[in-house]
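What follows is a set of notes on a single structure, which appears directly below.
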Amino acid sequence: MYFKMSLRRAAPLAAAFLCLLAVCPAHAQMELTGSWAARNHEFLTGDGLPVDFTGIPLNEEGRIRALSYSQSQLEMIERQCQGWPAFYLVQGPFGLKIWSDTDPLKGNVISYTIGAWEDRAPMTIWMDGRPHPSPNALHTRSGFTTGKWEGNTLVAYTTHMKAGFLRKTGAPNSDEATMTTRFYRHDDILTILAVVEDPIYLAEPWISSRSFQLSATPLPPSGPPCVTAYEGSVGPTAPHYLPEKNPFVDEMTTKYGVPRDAAIGKPETLYPEYRKATQPAK
Amino acid sequence: MRIVVIATMLVSAVLPAVGQNPPATGKSAAPVDLTGYWVAYITKDWRFRMVTPRKGDYQAVPMTEQARKVADSWDPAADEAAGNQCKAYGAGAIMRAPARFHITWQDDNTLKVESDAGMQTRLFHFNSTAKPAGERTWQGNSTAQWQAGSLKVVTNNVRAGYLRKNGIPYSENAVVTEYFDVAPLPEGGQVLLVTTVVDDPQYLRLPFMVSSDFKKEADGSKWDPTPCTSR
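Protein chains in written order, with my numbering: chain W, 560 to 841; chain V, 20 to 250.
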């Protein structure tokens, strides 16, 4: 009996020694909470010109939908505060405030929350193992997100987003879109890798990433409120362009020398060989 | 007492084995496999990377006034005449190039990264005391270490180069810090994520921070070496 008890007590000791000797890996996690300042050194939002879908692998349906979009829709009272989907984490210009909620008894993290901004809803990443709701459940701006640690990386999976836009210029996402997000912390830098899948509007998964820097200055957990205002009559219908009638389709070509196929988001334009194909022959 | 005896026996059993292990090399300690062919997936900064931006188009780069003056005098013909066509392919910018990259272990402590565009070779040294700085090169001297499951690379001793092809400069005193991570794609395949920070007080008001995404390719069938171009 005494020997059995000793073994039982000795086992954790042995395990601890083995771990100390690096025979087994540590169960590693990173601290993600805090204020993460945006470093907007990449041109992400694409809201400089109306038809800029560069870098988004739209399928034909997505392209038609994107080219029908007019940013004048945002003059409509009911659309002014519609906000942007969860992809806006890696597309928008704002920093992130992240905090966690912990179980008061066990001390484990139940969820992480990424605070809202004026046109971005807060995102809660549930860490407690709860399942995603029924496909027929309510879809929201930020969707429903669960997360788990894989080594030092937080991996989150988002479903139940409303149909919206991948980019402010009107590149669409359907309400069937999902997003896998990975949070990497390196020293005082947080890099978020997002992979968006959308069977309706994307020809292939869209991969994007963005880095933030830890800030000693606290960011607010929410941005200023969105306040609607009358911006003049937009007429009886939602502003839009009929097929092949978008007047801005060649603006990136004339202003920046970007070929039309790239401006309208053809998937093959995302690979290096496209640059070679468009280079003038020597 | 028995607990102490058992623990001592366990430690005694393990310690000699640990002692006999050769020191870990960069290769043997690798927590992730970065080797293979990777293609740049240009989902950001498309108009700065896939076409050569026009002179004066410096959006989003935190340039100093001195950097702006240098960039305003960008002259690709002069770069060609001086043999400086590779200024936009140096360590500060090569991972932003529309290119394929081939990553291999040159030896147990040196990771080699080759690009087809510009035909550049970077060497990441895990034993940083291996050699003195030497002459400045486009790719400089890179020291590497595994850090929390990622590869961290710090590069200095570079030749002055361009952050973008239209002449946005970084100086020879720039320090480039990079983090390499690998992630699976939901439906198969892998993504290489490279976070790059260029620190250059002479030409940058803030460290220039970008991240670049790459997809893994099965083989080198699309590998297409092409020399540097300045336009």
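Ideal Cβ placement from N, Cα and C applies to all residues, glycine included. Just so you know, these numbers come straight off a predicted model, no measurement behind them.
Report the neighbours of residue i on chain V: residues whose CB is nearer than 7 Å to its CB, in chain order.
| i | result |
| --- | --- |
| W:Q639 | The contacting residues do not exist; W:Q639 stays about 27 Å from chain V at best. |
| W:L603 | K63 |
| W:G530 | An answer regarding residue 530 of chain W cannot be provided, because it is not within the stretch 560 to 841 covered by chain W. |
How many angstroms separate the CA atom of residue i from the CA atom of residue j?
| i | j | result |
| --- | --- | --- |
| W:E619 | V:A59 | 23 Å |
| W:A736 | W:W685 | 19 Å |
| W:A753 | V:D232 | 10 Å |
| V:T248 | W:P616 | 27 Å |
| W:H586 | V:S169 | The pLDDT assigned to W:H586 is 47, lower than 50, so where the model puts this residue is not dependable, and the model offers no usable value. |
| W:L697 | W:H719 | 7 Å |
| W:K835 | V:F199 | 26 Å |
| W:L746 | V:V177 | Just to set this straight, residue 746 of chain W is Asp in the shown sequence, not Leu. Rounded to the nearest angstrom, the two C-alpha atoms are 23 Å apart. |
| V:N157 | V:G180 | For clarity, residue 157 of chain V is Trp in the given sequence; the question names Asn instead. Roughly 7 Å separates the two Cα atoms. |
| W:A775 | W:S629 | 40 Å |
| W:N667 | W:W658 | 13 Å |
Would residue i and residue j be called neighbours here (beta carbons separated by less than 8 Å)?
| i | j | result |
| --- | --- | --- |
| V:E197 | V:W57 | no |
| W:T740 | W:A722 | no |
| W:P644 | W:R700 | yes |
| W:G782 | W:A680 | no |
| V:V132 | V:F227 | no |
| W:V755 | W:L713 | no |
| W:L508 | W:Y671 | Absent from the structure is residue 508 of chain W, since the part of chain W shown begins at 560 and ends at 841. |
| V:T71 | V:K184 | yes |
| V:D127 | V:S47 | yes |
Provide the residue span of the alpha helix (DSSP H) that contains residue i, from first to last.
| i | result |
| --- | --- |
| W:A596 | That residue, W:A596, is in no alpha helix (DSSP H); its beta strand (DSSP E) goes G593 to A597. |
| V:W157 | Note, V:W157: premise wrong, no alpha helix (DSSP H); not H, not E. |
| V:W65 | W65 to R68 |
| V:G102 | That residue, V:G102, is in no alpha helix (DSSP H); it is neither H nor E in DSSP. |
| W:I623 | E619 to L626 |
Could you tell me which of the options sits nearest to residue i, measuring between CA atoms?
| i | options | result |
| --- | --- | --- |
| V:N175 | V:V194, V:A136, V:N103 and V:K184 | V:V194 |
| W:D809 | W:P663, W:A797 and W:A822 | W:A822 |
| V:S92 | V:I187, V:G168 and V:G137 | V:I187 |
| V:A118 | V:Q125, V:G137 and V:A90 | V:G137 |
| W:F653 | W:D734, W:E601, W:M738 and W:S792 | W:E601 |
| V:T215 | V:S230, V:A116 and V:R66 | V:S230 |
| V:R87 | V:D94, V:Y77, V:V173 and V:A96 | V:Y77 |
| W:G816 | W:E832, W:P798, W:Q838 and W:L801 | W:Q838 |
| W:S768 | V:R224, V:V201, V:W242 and V:P246 | V:V201 |
| W:I623 | W:T796, W:I759, W:C640 and W:D662 | W:I759 |
| W:E677 | W:T828, W:P784 and W:D820 | W:P784 |
| W:Y515 | W:N732, W:T812 and W:A762 | Chain W is shown from 560 up to 841; residue 515 of chain W falls before or after that span and cannot be answered. |
| W:G791 | W:P609, W:F612, W:Q588 and W:Q639 | W:Q639 |
| W:P795 | W:T683, W:L626, W:M635 and W:I751 | W:M635 |
Assuming residue i is part of the beta strand (DSSP E), what are its boundary residues?
| i | result |
| --- | --- |
| W:I657 | L655 to T661 |
| W:I748 | I748 to E756 |
| W:R741 | T737 to H745 |
| W:M811 | Taken as a continuous stretch (DSSP letters only), W:M811 belongs to no beta strand (DSSP E), being part of the alpha helix (DSSP H) at E810 to Y815. |
| V:Y198 | V194 to P203 |
| W:Q772 | W765 to S774 |
Taking Cβ-Cβ distances shorter than 9 Å, what residues in chain W pair up with residue i?
| i | result |
| --- | --- |
| V:D200 | T712, R741, Y743, H745, T750 and L752 |
Can you pull the chain W residues whose beta carbon is under 7 Å from the beta carbon of residue i, in chain order?
| i | result |
| --- | --- |
| V:Y60 | I766 and L829 |
Taking residue i as the query, report the chain W residues whose CB atoms sit under 8 Å from its CB, ordered along the chain.
| i | result |
| --- | --- |
| V:G168 | A587, G710, N711 and T712 |
| V:P81 | H600 |
Quick one: which chain V residues come within Cβ less than 9 Å of residue i?
| i | result |
| --- | --- |
| W:V817 | W65, R66, M69 and V70 |
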